[in-house]
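See below for the structure under consideration.
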Amino acid sequence: MKLTGEVIKVRYVNEENGYSVFDLNTSDGEIKIVGIFDSVNVGESLEVEGEFTYDNKYGEQLNVTSYQKNCLVLL
């Protein structure tokens, strides 16, 4: 699945390997995103692609396999 949106909250970043967890505001609502990113900042526009997974502790999240920064966001 491919989604476009704006980073609204960064929940976790592992500085050693880039693993990040953040909330993305999309036209479908807020989506929890997980994956490896070079950096993530609130207010940044992203296009992400990946598969939805369900974690017993954290719920539904998009496990990102690829992404692109600074794309146009239309909500």
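For the sequence shown, position 14 (counting from the first letter as 1) is numbered 887 according to the numbering used here, and the numbering increases by one without interruption. Every residue, glycine too, gets a C-beta built ideally from N, C-alpha and C.
Buried or exposed: where does F925 fall if 16 or more other Cβ atoms within 10 Å of its Cβ makes it buried? Along the sequence shown, one-based indexing puts residue 925 at 52. With fewer than 16 Cβ atoms within 10 Å of its Cβ, F925 is classed as exposed.
State the Cα-Cα distance for the pair V894 and E920, rounded to the nearest angstrom. By one-based count along the sequence shown, residue 894 stands at place 21. By one-based count along the sequence shown, residue 920 stands at place 47. One C-alpha to the other measures close to 15 angstroms.
For the beta strand (DSSP E) that contains N898, what are its first and last residues? In the sequence shown, the residue the question calls residue 898 occupies position 25. That run of the beta strand (DSSP E) goes Y892 to T899.
Spatial distance of I904 from D911 (CA atoms): If you number the sequence shown from 1, residue 904 lands on position 31. If you number the sequence shown from 1, residue 911 lands on position 38. The straight-line gap from Cα to Cα measures roughly 19 angstroms.
Assign G932 to one of two classes, buried (16 or more other C-beta atoms within 10 Å of its C-beta) or exposed (fewer than that). For the purposes of this step, residue 932 is taken as residue 59 along the sequence shown, with counting starting at 1. That one is exposed.
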